[in-house]
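>
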Amino acid sequence: MKRLGLSGNYAVAYAVKMADVDVIAAYPITPQTTIVEKLSEFVANGELEAEYINVESEHSAMSACVGASLTGARVFTATSAQGLAYMHEVLFMASGLRTPIVMANVNRALSAPLNIWNDHSDAMAERDAGWIQLWVTSAQEAFDATLEAFKIAEDVLLPVMVNLDGFIVSHTYEPVVLPDEGLVRGFVPSRPLQNRVSPKFAYSIGVVGPPEAYYEMKYQVVDAIEKSREKIRDVDKEFGERFGREYKFVNEYMMEDAEYALVTMGALTGTAKVVASGLRKEGERVGVLSIRCFRPFPKEEIVALLGDLKGVGVVDRAVTPGGPSNPLFAEVATTLYERGSRPLLQSFVAGLGGRDVPADDFKSMFGLVKDVVREGKSRPCIYVGLRE
Amino acid sequence: MTLGFRTIKEVPKDEFLAPGHRMCAGCTAATAIRQVLKAAGRNIIVTTATGCLEVATSYFPQTAWRVPWVHLGFENTAALASGIESAMKALRRKKKSEENPHVIAIGGDGGTFDIGLQALSGALERGHDFLYICYDNEAYMNTGIQRSSATPYCAATTTCPPGKRSMGQKTQKKDLVGIAVAHEIPYAATACPSYPIDLMNKVKKGLEVEGPALLHILTPCPTGWRFDISLGIELGKMAVLTGLWPLYEVENGVTRLTVQVPKREPVKKYLELQGRFRHLTEEEINRIQERADRLALKFGMGPLRQ
């Protein structure tokens, strides 16, 4: 075990190296690039025995990953924003063909206007692609989630996207505990995976699924991601036992006796926690719930942890223009709808295109949640920090 | 280098493309792929871009493929093949597998000339050891005969129909082999199923070289070109004999005509067999003849039969 100062991106690269991947296919894009630069370096130095495919686009990156994964190789790629959007159709093929690809998506705003900074619009636009989505808030979590991702993906035969906030997590150096390589291999053994493309069997893969078959084939993905909940829980538990850091579908902060809470994802969580802790000292019963596993969505946890609160604010770092609400809010609201009594929900949008969301903004969000509860009615989505 | 086939009798009797697939009656793309697979043998992995061949051979729950086969998307079959080839290489090096199959990627002209050109260029440039096959029926036949950048000058398709202001396709076919050769790959060639021995030997060569190889196969399409379903092989022959489809190969930059045409037929004999050229006037026919003459000069074919 050693402790290194690593950026979130380097933490991902170290996890990929320790997982002994066989194939990496990637294309540069800010703010992801330092992940694949580091991996190229590992391959060039012989520290990682892998084929590194310098593809000519993200579309080809994901396509090559699918091909490689079908042979039973362990594969990895990384991207951001436009790159993820460019992969869009292949993401569905990757889950449809049940390829256990692991991808780091370093969250960045989608153009236009062109913006290299952080928000969640890239990953939110791929909600329905049949990928498991993990979200992290620190470099250590990025390392841990990447390792877990290989195990989850290969156990349930679904691709996994590890999301880390562009620059905020990806480029911030933090102390990261790296376990011994032997321990990592014990957790994700380096062995050939189930291979479906081999000269040994004449399988046809990626066939035409006519109306009599497509529905059932698609349902298999739905079923697999539903059933992956159990497996993710097991992997989180095993990870905790082996490495001493245990993860769950959601991270709770001061939720035990909370009356009001904010729901967040990614790096915003840190500021929200600091503000909540300050408000607690003033006697406010507030908490923070951050979503670590967005797909499959933690329905049970949301109901159990938010169901009895008075008011909940949901902070989206992405928008659904013209929709009734924004992505994360929609998920939370839908989940709570099934319950007869539920808290008042207030929708917030914050931090688009890398706009800073300072502590004061969280303070006012907590205040607004309290206000709407007092008023007995939530307000239309509040765009926090938006200039008139 | 392994000796090529000299006569049709030496060609294996194995059929790796099963009969009963759904390609149109008279389709020569099916014939071409049948020949490709005979030459390639069993130790292969095939990828195929979306298109006629893909939809007509893999309609669940049936498949016509007796070799391992993967389809992913329309524009990415060369990238898919890159991933398979690289993974096999990595797994062998890491002693996780001993398998060492040839990788063959197949795309139609739309999937190669147009939407798949970027992925193809990337795969050729990176030097993956694979054979790319373009079966070229000169339009998007799977979606109902729309023009592609492989559609020849003046041909009628549903998106370049002749009319008061149009004689059909306005542009000339791209030089796919030229594009491939510009990547300095070790082997690229043209072929036509009407010349099966030539085609199959080119497949063998393409698989044998280390690095990328490309085979561009003209596959006359009765549905899109509008000719009688019995005439596919004849059409391919006429394309070659008129000089419009020279059969040649480029090995490490050296170009060689593989089927000589001592006396070329006039292009009119090729054009008049096809409904897609029915609207042409003498002027366009002459222009197409001039193109055949230029190709004959470039590749060293014989003079026009008078």
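Keeping their order, the protein sequence lines are chains C and V. Everything in the first sequence is counted per this note's numbering, starting at 894 for the first residue and increasing by one. Everything in the second sequence is counted per this note's numbering, starting at 2 for the first residue and increasing by one. Just so you know, even glycine gets a beta-carbon here, dropped at the ideal spot from N, CA and C.
DSSP state of residue 199 of chain V, grouped into three classes?
Correct three-state label for residue 199 of chain V: helix.
> Have a look at V:229, V:155, V:44 and flag the residue whose alpha-carbon is nearest the alpha-carbon of residue 17 of chain V.
Comparing Cα-Cα distances from residue 17 of chain V to each of V:229, V:155, V:44, the minimum goes to V:44.
> Can you tell which of V:306, V:103, V:54 has its C-alpha closest to the C-alpha of residue 1093 of chain C?
The shortest Cα separation from residue 1093 of chain C among V:306, V:103, V:54 belongs to V:103.
> With residue 271 of chain V and residue 1103 of chain C assumed to form a contact (beta carbons below 8 Å), what rounded beta-carbon distance in angstroms separates them?
Going by Cβ atoms, the distance from residue 271 of chain V to residue 1103 of chain C rounds to 38 Å, so no, they are not a contact pair.
> Suppose the cutoff is 8 Å on Cβ atoms and the five residues either side in sequence are ignored; what does the same chain contact list for residue 1079 of chain C look like?
Correct list, in chain order: 1135.
> Which of the three DSSP states is assigned to residue 1033 of chain C in this structure?
It is helical.
> Where residue 921 of chain C and residue 1090 of chain C are concerned, what is the direct C-alpha to C-alpha distance, given to the nearest angstrom?
Taking the straight line from one Cα to the other gives about 28 Å.
> For my contact list, residue 1154 of chain C and residue 1181 of chain C are in at a C-beta cut-off of 8 Å; report their separation, rounded to the angstrom.
Yes, residue 1154 of chain C and residue 1181 of chain C are in contact; Cβ-Cβ is about 6 Å, under 8 Å.
> Work out the CA separation of residue 153 of chain V and residue 39 of chain V for me, nearest whole Å.
Those two C-alpha atoms are separated by around 30 Å.
> List the endpoints of the continuous beta strand (DSSP E) containing residue 1068 of chain C.
Looking at the DSSP string, the run of the beta strand (DSSP E) that includes residue 1068 of chain C is 1066-1071.
> Among C:898, C:900, C:894, C:976, which residue has its Cα nearest to the Cα of residue 918 of chain C?
Among C:898, C:900, C:894, C:976, the Cα nearest to that of residue 918 of chain C belongs to C:976.
> Classify residue 14 of chain V as buried or exposed, calling it buried when 16 or more other Cβ atoms lie within 10 Å of its own Cβ.
Flag for residue 14 of chain V reads exposed.
> According to DSSP, is residue 237 of chain V part of a helix, a strand, or is it coil?
In this structure, residue 237 of chain V counts as helix in the three-state DSSP scheme.
> Between the C-alpha atoms of residue 1028 of chain C and residue 47 of chain V, what's the straight-line distance to the nearest angstrom?
About 37 Å.
> Whole-angstrom Cβ separation of residue 1204 of chain C and residue 1262 of chain C, contact assumed at under 8 Å?
Contact flag correct, Cβ pair sits at about 4 Å.
> Where residue 141 of chain V and residue 955 of chain C are concerned, what is the direct C-alpha to C-alpha distance, given to the nearest angstrom?
Looking at the two C-alpha atoms, the distance is approximately 25 Å.
> Kindly list the residues whose CB is nearer than 7 Å to the CB of residue 1152 of chain C, restricted to its own chain and excluding five residues on each side of it in sequence; keep chain order.
Correct list, in chain order: 1178, 1202, 1203.
> Anyone know if the C-beta pair for residue 1158 of chain C and residue 1184 of chain C falls short of 8 Å?
Taking 8 Å as the Cβ cut-off, residue 1158 of chain C and residue 1184 of chain C qualify as a contacting pair.
> Who are residue 894 of chain C's beta bridge partners in DSSP?
According to DSSP, residue 894 of chain C bridges with nothing at all.
> At what residues does the alpha helix (DSSP H) containing residue 94 of chain V begin and finish?
It spans 78-94 - the alpha helix (DSSP H) in which residue 94 of chain V sits, taken as one unbroken run.
> I need the straight-line Cα distance from residue 1143 of chain C to residue 1161 of chain C, nearest angstrom please.
In a straight line, the C-alpha of residue 1143 of chain C is about 14 Å away from that of residue 1161 of chain C.
> Comparing alpha-carbon positions, which option in V:184, V:163, V:210, V:179 lies nearest residue 285 of chain V?
For the residues V:184, V:163, V:210, V:179, the minimum Cα distance to residue 285 of chain V belongs to V:163.
> Mind checking the segment 908-924 of chain C against chain V and listing, in chain order, the residues whose C-beta falls within less than 7 Å of any C-beta there?
Taking 7 Å as the Cβ-Cβ cut-off against chain V, the residues of the segment 908-924 of chain C that qualify are 915, 916, 918.
> Counting C-beta neighbours from all protein chains within 10 Å, is the total for residue 78 of chain V 16 or more, i.e. buried, or is it exposed?
Its Cβ being crowded by 16 or more others within 10 Å, residue 78 of chain V is buried.
> Please state whether the Cβ-Cβ distance between residue 960 of chain C and residue 121 of chain V is less than 8 Å.
No, these two residues do not count as a Cβ contact at 8 Å.
> My guess is that residue 1032 of chain C and residue 1244 of chain C are in contact by the Cβ rule of under 8 Å, so how many angstroms apart are they, rounded?
Not a contact, Cβ separation roughly 20 Å.
> Can you give me the C-alpha to C-alpha distance between residue 1277 of chain C and residue 948 of chain C, rounded to a whole angstrom?
Residue 1277 of chain C and residue 948 of chain C: Cα-Cα distance of roughly 40 Å.
> So with Cβ pairs under 8 Å, would you call residue 177 of chain V a contact of chain C?
With 8 Å as the cut-off, residue 177 of chain V does not count as an interface residue toward chain C.
> By Cβ distance, which residues of its chain are closer than 8 Å to residue 1265 of chain C, with the 5 residues on each side in sequence left out?
Cβ neighbours of residue 1265 of chain C beyond the five flanking positions: 1204, 1237, 1239, 1271, 1272.
> Are the C-beta atoms of residue 1106 of chain C and some chain V residue less than 8 Å apart?
Yes, its Cβ sits closer than 8 Å to a Cβ of chain V.
> Name, please, each residue of chain C whose Cβ falls closer than 9 Å to the Cβ of residue 67 of chain V.
Within chain C, the residues near residue 67 of chain V are 1095.
> What is the rounded straight-line gap between the Cα of residue 208 of chain V and the Cα of residue 4 of chain V?
If I take the Cα positions, the gap works out to 13 Å.
> For residue 1167 of chain C, name the three-state secondary structure that DSSP assigns.
DSSP places residue 1167 of chain C in helix when its eight states are reduced to three.
> In this structure, does DSSP put residue 1115 of chain C in helix, strand or coil?
Helix at residue 1115 of chain C.
> How long is the line joining the alpha carbons of residue 1112 of chain C and residue 1050 of chain C, rounded to whole angstroms?
Their backbone Cα atoms lie some 14 Å apart in a straight line.
> Give the range of the alpha helix (DSSP H) segment to which residue 287 of chain V is assigned.
283-300 is the extent of the alpha helix (DSSP H) around residue 287 of chain V.
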